[in-house]
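S.K.:
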Amino acid sequence: MTCLPIHIRRSNLFGSLSDAEVRDILASCRTVTLHSGQLACRQGEVGESMFVIVSGRVSISIDQPGGGQRVLNHLRPGDHFGEMSLLVGGSRSANVTAVMDTELLELTRSDFERSLARVPGFAANLCRSLGQWLQGQISGGPRHEQMHVAVVRGGTAAARLTPQIATTVAAEGGKLHVLSDQSPGLLVSDWRRVKEGPDFEKSLLGNLSAAVASNRRTVVDIDHLHATSGLLMQHELVLWVLDHDNPRQCQQSLDRLSSLLTATPSGLAERIQLVEVFRDNDQLPPVLKLPSELTSQPFRQPVLRVQHSGGQEPEFHPRDLARLIRTMRGIQVGLALGGGGARGIAHLGVLEVLEREGIYFDRVAGTSAGAIVATAYAAGIPLQRIRSVFEREMTPPRSIAWLPKSRQWYMLGVFRLGLAEKKFRRYLNHYSFDELLTPAQTVTVDLISGEHRIREAGDVVRSVLESINHPVFGAPILRDGEALVDGGVLMNVPVTALRQKGVDFSVAVDVSKQLSRDFAGNTSETATAKMRKPGYLSTLLRVTDVELINLARLHGSQCDFLFAPDTAEFPFDDFTQAEGLVEAGRRAAEADVPRLKEALARVLSWDRPLSATSSSSQQVA
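The numbering of the sequence shown is UniProt numbering, which starts it at 1 and goes up by one.
In structure tokens:
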């Protein structure tokens, strides 16, 4: 090897060595060529060699107990993996899979040990690399992102998607190198149109190879007629965009996808994320039904739903663009909304500030009142209309509002007489979870097993009714061998639900963090002789408050950022004080949103040095 590859020379494994020392080590290596989708290492097998990436990219993943795999990282030219098995013995701790055609250098155990003995600098570099890995494990340091994404357009509206993604990324301080078969129609700084013709695919692959070599984030934007399995298999992620409002184009695109998967070896479907775009209307349309030959394909889930303004030049919603961009990067930001009865209205004040600041989420979870807000927010319902759910549907009518304890008796009637479902269907219709714009989860508790249940499929209103079924007001919902009550009994702030979905950064809103300073008119300073005896319902609600506060401390501590509006002076069951509760949420968010933006900037920064070759997870194999 007369000329050392630039990525090998810059690798932290060889960086401080002389050319002669590097050549001495490389002379012991053999070249391994992997096609996209092939395994370099399999979790559980005995490791007898390590590898250095010369070209291409690989993913590091671990097998999940319930099936499937969780991707930990992506490695690029110059990175290395597999040395842990050589140093400590034992089996591989992860799978390493080529995500595009990749060339590796393999160093066997005997040659590895010889190189450590002959080249002291190699051992020092290896120790330094392991130290960097350990530091990353402790600090939660950044991982390499997905860098090469294909966007396959299956309709007229989809043609505007990639240009708007590119301009949004630029506005955030990032940069995408776009290779496309169309002109952008917008001012995009790094957009290269590849001319159609007999050599179209060859030219596109050549440009992609150059982008890989220079470590640029690349998007290949093509019409579905130009999509081939050979091209798509060179990408870590494929966004297959379907136009819901154009059934003919949508069907043509699905037919094209079906034919590609029929003719392609396994591995392509797992990279495909279906994206459904449609015009913004008052109600969400049903999810597109896939043909039978596609329903069993292991596509990434769930299908992403994206709204646009319609017209000749549709504009996509900033919320959906943010979610698509993070999907392309392999990053998830989640929001957990806690329970607290009427105090859940404070969530709306927090969300108002977050929307104003352009902070959106890839997944939301809610418990009890938080489930109402989370699912309505995920359905794209405006915040003011969500507020009316509480003000109109949870407040006693004037005809009985004057009665003593009217709020408690009204809530008893709503739950005991089965009126809640009709009220919520006015807003959430008969939506299923897969129809929502943002993936959502709700939490309920089964009194038979004594365990929580996380809902993320099926009818949304049914799941909300389970989550808000407060044991003080409603009888357990009996269904499928379960007796279901309010999720706040076990998980009032559902950060755990987000973590189970692999969220990278979680924001929680706890509206029950502070306890009211008086109970039934009594405070800690009230003399015994002057203390008032609380009623039965008041006592039960106070017990609930105490439980929620302690549960919130347990689950809320798992989040990366917490908003805690001061709602202590607002009764659990008083939905008439919406204005004050929204303002409490607004104040809490405005006070802390600068810190949240700083934290998110670290997670979502576009300034990560993509040419760097150290990784927080490259030693896992």
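Note that beta-carbon positions come from the ideal geometry of N, C-alpha and C, so glycine has one too.
(1) Evaluate the contact criterion for the segment 116-124 versus the segment 43-58: three or more CB pairs, one atom per stretch, below 8 Å.
(2) On the premise that valine 169 lies in contact with isoleucine 325, defined as a C-beta separation below 8 Å, what is that separation, rounded to the nearest angstrom?
(3) Considering only the beta carbon of each residue, do leucine 274 and alanine 158 sit closer than 9 Å?
(4) Can you tell me the Cα-Cα spacing of histidine 7 and histidine 80, whole angstroms?
(5) Whose C-beta lies closer than 7 Å to the C-beta of leucine 604 among residues of the same chain, with five residues either side of it excluded?
(6) Would you call the segment 443-463 in contact with the segment 481-494, where contact means no fewer than 3 C-beta pairs closer than 8 Å?
(7) Using the Cα positions of valine 88 and arginine 109, report the straight-line distance between them to the nearest angstrom.
(8) So leucine 490 and histidine 452 are in contact, right, with Cβ under 8 Å, and what is the actual spacing, rounded?
(9) Under three-state DSSP, which class holds alanine 612?
(10) When you compare the CB positions of alanine 150 and histidine 235, do they come within less than 9 Å of one another, or not?
(11) Under a three-way DSSP split, which group does isoleucine 6 fall into?
(12) Flag this pair as touching only if the segment 329-346 and the segment 310-317 have three or more C-beta atom pairs under 8 Å; answer yes or no.
(13) Could you tell me which residues DSSP puts in a beta bridge with glutamine 69?
(14) Once you ignore the five residues that flank leucine 335 on each side, which residues in its own chain have a CB closer than 7 Å to its CB?
(15) One question on the structure: do asparagine 492 and glycine 349 come within less than 9 Å of each other, judged by their Cβ atoms?
(16) How is the alpha helix (DSSP H) around proline 302 delimited, first residue to last?
(17) Let me make sure I understand the geometry here. Which of Gly358, Ala98, Arg92, Ser180 has the alpha-carbon closest to that of valine 58?
(18) Count the C-beta pairs between the segment 584-595 and the segment 349-359 that are closer than 8 Å, then say yes if the count reaches three, no if not.
(19) What did DSSP end up calling arginine 499 once you bin it into helix, strand or coil?
(20) Compare the C-beta of leucine 337 with all C-beta atoms of chain C and state if any pair is closer than 9 Å.
(21) Looking at the structure shown, is cysteine 127 part of a helix, part of a strand, or coil, going by DSSP?
(22) How many angstroms separate the CA atom of leucine 498 from the CA atom of phenylalanine 51?
(23) Going along the chain, which residues of its own chain have a beta-carbon closer than 8 Å to the beta-carbon of glutamine 164, five neighbours each way excluded?
(24) From which residue to which residue does the beta strand (DSSP E) around aspartate 245 run?
(25) Looking only at its chain, what residues have a beta carbon closer than 6 Å to the beta carbon of leucine 600, apart from the 5 residues adjacent to it on each side?
(26) Please go through the segment 431-467 and give each complete alpha helix (DSSP H) segment of 4 or more residues, from N-terminal end onward.
(27) Nearest to leucine 205 by alpha carbon, out of Asp101, Gln182, Ser129?
(28) Quick one: measure Cβ to Cβ for isoleucine 25 and leucine 104, integer angstroms, because I've assumed they're closer than 8 Å.
(29) Which residue's Cα is closest to the Cα of histidine 148: Gly535, Gly155, Leu290, Thr327?
(30) Which first and last residues belong to the alpha helix (DSSP H) in which methionine 84 is found?
(31) Output needed for lysine 597: all residues of its chain with C-beta closer than 6 Å, excluding positions within five of it in sequence on either side, in chain order.
(32) Please name the residue or residues paired with tryptophan 240 in a DSSP beta bridge.
(33) Starting from the C-beta of leucine 515, find all residues in its chain whose C-beta is less than 8 Å away, skip the five residues before and the five after it, and write them out in chain order.
(34) Please confirm whether lysine 423 and valine 389 have their CB atoms less than 9 Å apart.
(35) Where do the N-terminal and C-terminal ends of the beta strand (DSSP E) with phenylalanine 505 fall, by residue?
(36) So what's phenylalanine 200 in DSSP terms, helix, strand or just coil?
M.R.: Here's the rundown:
(1) no
(2) 6 Å
(3) Cβ atoms of leucine 274 and alanine 158: not closer than 9 Å.
(4) Each residue's CA atom was taken as its position, placing histidine 7 and histidine 80 some 11 Å apart.
(5) Ile331
(6) yes
(7) 12 Å
(8) 5 Å
(9) Note on alanine 612: pLDDT 37, under 50, position unreliable in the model; no value is reported.
(10) yes
(11) helix
(12) Output reads no: the segment 310-317 does not touch the segment 329-346.
(13) Asp63
(14) Phe361, Val364, Val507
(15) no
(16) Annotation for proline 302: no alpha helix (DSSP H) segment contains it, though the beta strand (DSSP E) segment containing it runs 300-308.
(17) Ala98
(18) yes
(19) helix
(20) Protein chains in the displayed structure number just one, and chain C is not present.
(21) helix
(22) 34 Å
(23) Leu186, Glu315, Phe316, Leu321
(24) Premise fails: aspartate 245 is in no beta strand (DSSP E) and is neither H nor E.
(25) none
(26) 460-467
(27) Asp101
(28) In fact, because the Cβ distance is near 14 Å, the residues do not count as touching under 8 Å.
(29) Thr327
(30) Segment 83-88, the alpha helix (DSSP H) holding methionine 84.
(31) Spatial neighbours of lysine 597 in its own chain (CB-CB distance under 6 Å, excluding positions within 5 residues in sequence) are not present.
(32) Val152, Leu274
(33) Asp545, Val546, Ile549, Ala568
(34) yes
(35) Phenylalanine 505 -> beta strand (DSSP E) spans 505-509.
(36) helix
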